[in-house]
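K.L.:
The structure is given below, and queries will be raised subsequently.
Protein chains: 2
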Amino acid sequence: MLKFVSLLLALSFCQGLQHNNIDDYVEAEPVFEASKYGSLWPLPQKVQISEVSFKLTSSSFRIVDAKASSAGPSCSLLQSAYRRYYEYMFGSAKKQWWSKNNRRSDPSDLSELQVWITSPDSECDGYPSVTSDESYELTVNQPVAVLKAPKVWGALHGLETFSQLVFEDEYGAKSINATIINDFPRFQHRGILLDSSRHFLPIKVILANLETMAMNKFNVFHWHIVDDQSFPYLSRTFPQLSEQGAYHPYTHVYTPADVKMVIEFARLRGIRVIPEFDTPGHTQSWGKGQKDLLTPCYSGSKPSGSFGPVNPILNTTYDFMAQFFTEISTVFPDGYVHLGGDEVDFTCWKSNPDIQKFMEQQHFGDDYRKLESFYIQKLLDIVTSTKKGYLIWQEVFDNGVKLKPDTVVHVWIGGGSDKEMSNVTAAGYTTILSAPWYLDYISYGQDWQKYYKVEPLNFEGTDEQKKLVIGGEACLWGEYVDATNLTPRLWPRASAVAERLWSAKDVTDIGDAFNRLSLHRCRMVERGIPAEPLFSSYCPHEYKGV
Amino acid sequence: MLKFVSLLLALSFCQGLQHNNIDDYVEAEPVFEASKYGSLWPLPQKVQISEVSFKLTSSSFRIVDAKASSAGPSCSLLQSAYRRYYEYMFGSAKKQWWSKNNRRSDPSDLSELQVWITSPDSECDGYPSVTSDESYELTVNQPVAVLKAPKVWGALHGLETFSQLVFEDEYGAKSINATIINDFPRFQHRGILLDSSRHFLPIKVILANLETMAMNKFNVFHWHIVDDQSFPYLSRTFPQLSEQGAYHPYTHVYTPADVKMVIEFARLRGIRVIPEFDTPGHTQSWGKGQKDLLTPCYSGSKPSGSFGPVNPILNTTYDFMAQFFTEISTVFPDGYVHLGGDEVDFTCWKSNPDIQKFMEQQHFGDDYRKLESFYIQKLLDIVTSTKKGYLIWQEVFDNGVKLKPDTVVHVWIGGGSDKEMSNVTAAGYTTILSAPWYLDYISYGQDWQKYYKVEPLNFEGTDEQKKLVIGGEACLWGEYVDATNLTPRLWPRASAVAERLWSAKDVTDIGDAFNRLSLHRCRMVERGIPAEPLFSSYCPHEYKGV
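Residue numbers (the numbering used here), protein chains in the order written: chain R, 94 to 639; chain H, 94 to 639.
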């Protein structure tokens, strides 16, 4: 028996009662028991936990750079991570002071966690990328624990794992078992999509969710920043886009400083920020500040006054896009930008006589997908010239647009997504999966289990094809969420996706997952994140907000 | 055109775009336009709003007792309501100070709201009840507005309505239109059920939701305080019930002081607190602290170690219940207590040889409903002797238990609830409806519309029968909600139920409801309540928490 198990069992007396509508007998709902992996989430690739445990004292325990580490005190990414995780483990300064004055350290204590970046280039001042090394090894033993990682990205994950191993024993003392962990992600792209157009998301909400992403080892923030409903991105080149297109030009925009803060906050947690500027559809809000960008729709022989997708037949459109994406390429450091390309409605294009003429000239016949591809092709060339790679929604691939070999195709359409994964990878493209992980769709009960049971490689294809699947994203579209309800709706439901994308393929025990996730969600709550409950239960420290 | 309409229209430019998965064309979703009733919610019975508007200044505007009012400065219920609504309307003291020093009052301002309690007994120090008079008349005109109500309960509702009439004009000035309102509730019992057993709800969460109930003119807090999963009620008579049955005996209990605070906080807002102590089923947590209360289940000829519903064949059971409900009758001032009685599973009773013997002695045959009725009958007599009325879930009626004429039958089973309403009222019992309003069931999209469209009197029956329907309750069972997500999940979905139970039967325009409710939800957000959005939109002041 691991020592921490006895503590965790304290939870089970109440969580064993799981019935809802029927009295007196336990239903086929998961019942809380302590997992032998405690509260680890997502589960590391290799874990050995021994029965021996050590105490940690807040007054003497330190997280320090190992002597041989290539990252020293000047690596502020690690230094601020040390402080962050120290606070997660030991709580507020007040508590620490008390502890400092009341407890002597003991020779059986764990006194240090040494963080050792082993590669000559720690990447401390760089940005994470799709090829970043995120692996780490963690050895907890007396008198010191050692966290080895080639790069800072692995060290960040290792710090999170270390903090998850620390538990309170029955006397309230912080303890940790002797442990050896060897860990790396199964998939390189593990993302969360948030949508700041259907509802504006205050920066505070975005940062809180980046924080929570790090607790779940997510490494991509897919920022669906603009859409039909509003254009909150304040462009230096085209300020009228948000001036006219945001819900409010001052209170509901992201200034350059805001964007910079989000990117740096994410970087410090090993998270890439991939912005999405979706065109030619989903662009109603763009049209408010950029005259002639959208296609005028016709009613009979006259303009109806409403507008359709981006107008693909004007040179001014491409001049605009070139300038706009040049700005984007400098504002967002990531090597990739998401270009959207989904759900283009042809009704308006069909109604417009100038478009009809153009279709004839280009010999497109009645195939408006060709017109769409014409637009996208030119857009991709523009973006390529800014030295960025791109992600696109699956329709762009489906329509046969010529794509750069390093394009990432984003599969989102539910029903037939296995077939789509086969097709995309058979064509040699890298792909990420979101179809089963649309978290904006809600239903009664434990839907996290449905997300958890997804196996991204369950499609027909060769091993080579499977290797082209670099990960996936949980998408929380914004129609029904804003600052009032986004965080509890996302967590811990997205945590299910986190483990699927990080842990080994055979980590599929739903009961064990329930037990670990119950504790992981209480840990998120204790860290100030309103992560909602899985089922009837309690947390030792309930959420303090309302 | 009302003056405030021009301001409200500022919202419509963005909310007119309602599409989700289809580009460029507006779907058949409600589109935001200003209602001629502004942001009033629930809609009063009679409203006349004129085009004339007045300004209110925070420095000079006052809410005062009318000279002829039967409630004076000693009525702290009204005095604290004045302060609460003043702050809702004018915001923080800091803002007021600035305003005070920068604006002179104008002869065209509205300078006062006079609150006039017309009945000799204002009921200021009493508790609201099912027969309380909640009506009020509000006349907004220069130089003063007058709010007349027979009792303080109507005055509280009138203050809420007054605050809903105040709007910010385009210069940020607080304004109100000349208005005459004559208002009273359609149904007397308008409740919210919260469940503090499946998850413990911190007092702060309960108070925040009482606050929000008042904003929606709900008047009953049905506190489903204990159940199988935990027993957080700290009983003075039987402290071991929460000592053993709560999730935690100190951090997850409601002390007598907590309960008192909830009751007084509710009273100050015109809200009754009806506690539910559900027996004989849903009592697993009771058994932990009260030996021999529950029925031992048998496996073959031996006790299995698990327990079933309350043991109905022991005298000690009834001794316990008599003492327990005597305490409850003094702790909770309301005239009614909810006794539950739902979902009794007979499996355990059937397995127990002592119960089998008792069934024989009583000539109950195999009909365990008779045993259930035997128990309930004795319980009802006990509670009657404490001078309380009672509510019971529909099964108790269905099983033919003899009920006091003033019993309230609570209809909750979905499917056939119309028939049940017919039966209950045909038998002459008062009834309340919850079946269509189980808000713990969630689904994608605007489910508030479904709740809104319910007509409680749409069942077969005479006018006399219809009069027996005194209202309904929105139920938010606790399996999937706790402090992290309860409030945004409840509001504004429960607001739909609020209007159905308060406003006239013919208030059914879903488009007008959408428009008013969109503004009402932003008002709740501005008052610090994380009420979730109805659809893509924004609020001038977004939620400040996370």
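Note that CB positions come from ideal geometry on N, CA and C, so glycine has one too.
Mind checking which residues open and close the alpha helix (DSSP H) that includes Phe605/R?
P.N.:
Locating residue 605/R in the first sequence gives position 512, where the first residue counts as 1. Residue identity differs from the one stated: residue 605/R is Asp in this sequence, not Phe. Counting along the chain, the alpha helix (DSSP H) containing Asp605/R begins and ends at 603-619.
K.L.:
Is His375/H helix, strand or coil by DSSP?
P.N.:
The residue you call residue 375/H lines up with position 282 of the second sequence. If DSSP states are grouped into helix, strand and coil, His375/H belongs with coil.
K.L.:
Any beta carbon of chain R sitting closer than 9 Å to that of Pro295/H?
P.N.:
Here residue 295/H corresponds to residue number 202 of the second sequence, with the count starting at 1. True, the Cβ-Cβ gap to chain R drops below 9 Å.
K.L.:
DSSP puts Cys568/H in a beta bridge; with which residues?
P.N.:
Here residue 568/H is taken as the residue at index 475 of the second sequence, counted from 1. DSSP output for Cys568/H lists Leu286/H, Tyr531/H as bridge partner(s).
K.L.:
Report buried or exposed for Ala121/H, applying the criterion of at least 16 other Cβ atoms within 10 angstroms of its Cβ.
P.N.:
Counted from its first residue, the second sequence places residue 121/H at position 28. Because the pLDDT at Ala121/H is just 45, under 50, the model does not fix this residue reliably, and the point stays unresolved.
K.L.:
By the criterion of Cβ-Cβ separation under 9 Å, what are the contact partners of Phe628/R in chain H?
P.N.:
On the first sequence, residue 628/R is found 535 positions in, with the first residue counted as 1. Arg291, Glu572, Tyr573, listed in chain order.
K.L.:
On the premise that Thr500/R lies in contact with Thr523/R, defined as a C-beta separation below 8 Å, what is that separation, rounded to the nearest angstrom?
P.N.:
Translated into the one-based positions of the first sequence, residue 523/R becomes position 430. Translated into the one-based positions of the first sequence, residue 500/R becomes position 407. Between Thr500/R and Thr523/R the Cβ distance is about 7 Å, and since that is below 8 Å, they are a contact.
K.L.:
Enumerate in chain order the residues of its own chain whose CB-to-CB distance from Glu68/R is below 6 Å, with the five nearest sequence positions on each side excluded.
P.N.:
Residue 68/R is absent from the model: chain R starts at 94 and stops at 639.
K.L.:
Starting from the C-beta of Thr224/H, find all residues in its chain whose C-beta is less than 8 Å away, skip the five residues before and the five after it, and write them out in chain order.
P.N.:
The sequence position of residue 224/H within the second sequence is 131, counting from 1. Once the five neighbours on either side are set aside, the close Cβ partners of Thr224/H are Gln281.
K.L.:
Within the 9 Å Cβ cut-off, does Asn85/R reach chain H?
P.N.:
Beyond the ends of chain R as shown, which are 94 and 639, falls residue 85/R; an answer cannot be given.
K.L.:
Is the separation between the beta-carbon of Ser167/R and that of Leu361/R shorter than 9 Å?
P.N.:
For this step, residue 167/R is matched to residue 74 along the first sequence. For this step, residue 361/R is matched to residue 268 along the first sequence. Going by C-beta atoms, Ser167/R is not nearer than 9 Å to Leu361/R.
K.L.:
Quick one: give me the first and last residue of the beta strand (DSSP E) that Arg155/H is part of.
P.N.:
In the second sequence, the residue the question calls residue 155/H occupies position 62. Counting along the chain, the beta strand (DSSP E) containing Arg155/H begins and ends at 155-158.
K.L.:
Please go through the same chain and pick out, in chain order, the residues whose beta-carbon is closer than 6 Å to the beta-carbon of Thr211/R, but skip the five residues on each side of it.
P.N.:
As a working mapping, residue 211/R is identified with position 118 in the first sequence. Answer for Thr211/R: Lys241, Pro243, listed in chain order.
K.L.:
Please report the straight-line C-alpha distance between Phe106/R and Lys637/H, rounded to a whole angstrom.
P.N.:
Taking the first sequence and counting its residues from 1, the one referred to as residue 106/R is at position 13. Taking the second sequence and counting its residues from 1, the one referred to as residue 637/H is at position 544. The predicted model places Phe106/R with a pLDDT of 33, which falls under 50 and marks its position as unreliable; any figure quoted below should be read in that light. Those two C-alpha atoms are separated by around 37 Å.
K.L.:
To the nearest angstrom, how far is it from the Cα of Leu286/R to the Cα of Ser222/R?
P.N.:
The residue given as residue 286/R occupies position 193 in the first sequence. The residue given as residue 222/R occupies position 129 in the first sequence. For Leu286/R and Ser222/R, the distance between alpha carbons rounds to 17 Å.
K.L.:
Just reading off the beta strand (DSSP E) that Ile367/H is part of, what are its end residues?
P.N.:
By 1-based counting over the second sequence, the position of residue 367/H is 274. Start and end: 365-369.
K.L.:
List, in order along the chain, the chain R residues whose C-beta lies closer than 9 Å to that of Gly265/H?
P.N.:
Sequence index remark: in the second sequence, residue 265/H carries index 172 (1-based). Those within 9 Å of Gly265/H in chain R number zero; the least Cβ separation is about 13 Å.
K.L.:
Quick one: list the residues of chain H neighbouring Val298/R, beta-carbon separation under 7 Å, in chain order.
P.N.:
Translated into the one-based positions of the first sequence, residue 298/R becomes position 205. Those within 7 Å of Val298/R in chain H are Val639.
K.L.:
Label Thr580/R either buried or exposed according to how many other C-beta atoms from any shown protein chain fall within 10 Å of its C-beta, with 16 as the threshold for buried.
P.N.:
Against the first sequence, residue 580/R aligns to sequence position 487. Counting Cβ neighbours within 10 Å, Thr580/R comes out buried, since at least 16 surround it.
K.L.:
For Trp505/H, which of helix, strand or coil comes out of DSSP?
P.N.:
Taking the second sequence and counting its residues from 1, the one referred to as residue 505/H is at position 412. It is coil, neither helix nor strand.
K.L.:
Hey, out of Ile469/H, Val298/H, Gly507/H, Ile563/H, whose CA is closest to Pro653/H's CA?
P.N.:
Only positions 94 to 639 of chain H appear in this structure, which leaves residue 653/H out of reach.
K.L.:
In its own chain, which residues sit with a C-beta less than 6 Å from the C-beta of Tyr330/R, not counting the 5 before and 5 after it?
P.N.:
The residue you call residue 330/R lines up with position 237 of the first sequence. For the sequence presented, residue 330/R should be read as Thr rather than Tyr. If we look at Thr330/R and ignore the five residues flanking it on each side, its Cβ neighbours are Gln416, Glu420.
K.L.:
Cα separation between Arg614/R and Trp209/H?
P.N.:
Here residue 614/R is taken as the residue at index 521 of the first sequence, counted from 1. Here residue 209/H is taken as the residue at index 116 of the second sequence, counted from 1. If you take the alpha carbons of Arg614/R and Trp209/H, they lie about 51 Å apart.
K.L.:
In chain R, what lies closer than 8 Å to Ile535/H by C-beta?
P.N.:
The sequence position of residue 535/H within the second sequence is 442, counting from 1. Ordered by position in chain R, the residues that pass the 8 Å Cβ test against Ile535/H are Ile535, Ser536, Tyr537.
K.L.:
Shorter than 9 Å from the beta carbon of Arg616/H to some beta carbon of chain A?
P.N.:
Of the chains in the structure shown, none is chain A; the protein chains are R and H.
K.L.:
Which value, in whole angstroms, describes the spacing of the CA atoms of Gln337/H and Leu407/H?
P.N.:
Indexing the second sequence from 1 puts residue 337/H at position 244. Indexing the second sequence from 1 puts residue 407/H at position 314. Rounded to whole angstroms, Gln337/H to Leu407/H spans 22 Å at the Cα level.
K.L.:
My output table needs one value for Ile142/R: the three-state DSSP class, helix, strand or coil.
P.N.:
Residue numbering aside, residue 142/R sits at position 49 when the first sequence is read from its first letter. Of the three classes helix, strand and coil, the one that applies to Ile142/R here is strand, per DSSP.
K.L.:
Quick check on DSSP: helix, strand or coil for Lys512/H?
P.N.:
Numbered from 1 along the second sequence, position 419 holds the residue referred to as residue 512/H. Three-state DSSP puts Lys512/H in a helix.
K.L.:
For Glu144/R, is the classification buried or exposed, using 16 other Cβ atoms within 10 angstroms of its Cβ as the cut-off for buried?
P.N.:
If you number the first sequence from 1, residue 144/R lands on position 51. So Glu144/R ends up on the exposed side.
K.L.:
Please report the distance separating the alpha-carbon of Thr410/H from that of Ser162/H.
P.N.:
Here residue 410/H corresponds to residue number 317 of the second sequence, with the count starting at 1. Here residue 162/H corresponds to residue number 69 of the second sequence, with the count starting at 1. The straight-line gap from Cα to Cα measures roughly 51 Å.
K.L.:
Would you kindly work out how many angstroms separate the C-alpha atoms of Leu110/H and Gly265/R, rounded to a whole number?
P.N.:
On the second sequence, residue 110/H is found 17 positions in, with the first residue counted as 1. On the first sequence, residue 265/R is found 172 positions in, with the first residue counted as 1. For Leu110/H, the predicted structure reports a pLDDT of 31, less than 50, and the residue's modelled location is therefore unreliable. A value from the coordinates is still provided. Rounded to the nearest angstrom, the two C-alpha atoms are 54 Å apart.
K.L.:
Let me check one thing: in DSSP terms, what residues is Glu261/R bridge-paired to?
P.N.:
The residue labelled residue 261/R in the question sits at position 168 within the first sequence. DSSP, once it has assigned bridges, lists Lys267/R as partnering Glu261/R.
K.L.:
Which term fits Tyr429/R, buried or exposed, when burial requires 16 or more other beta carbons within 10 angstroms of its beta carbon?
P.N.:
Taking the first sequence and counting its residues from 1, one reaches residue 429/R at position 336. Classification for Tyr429/R: buried.
K.L.:
Just verifying my parser: in three-state terms, what is the DSSP assignment at Asp276/R?
P.N.:
Mapped onto the first sequence, residue 276/R falls at position 183. Strand at Asp276/R.
K.L.:
Reducing DSSP to helix, strand and coil, say where Lys637/R ends up.
P.N.:
Sequence index remark: in the first sequence, residue 637/R carries index 544 (1-based). Reduced to three states, the DSSP call for Lys637/R is coil.
K.L.:
Check the DSSP bridge columns for Trp209/R and list the partner residues they point to.
P.N.:
Working through the first sequence from its first residue, we reach residue 209/R at position 116. Answer by DSSP bridge pairing, in chain order: Lys241/R.
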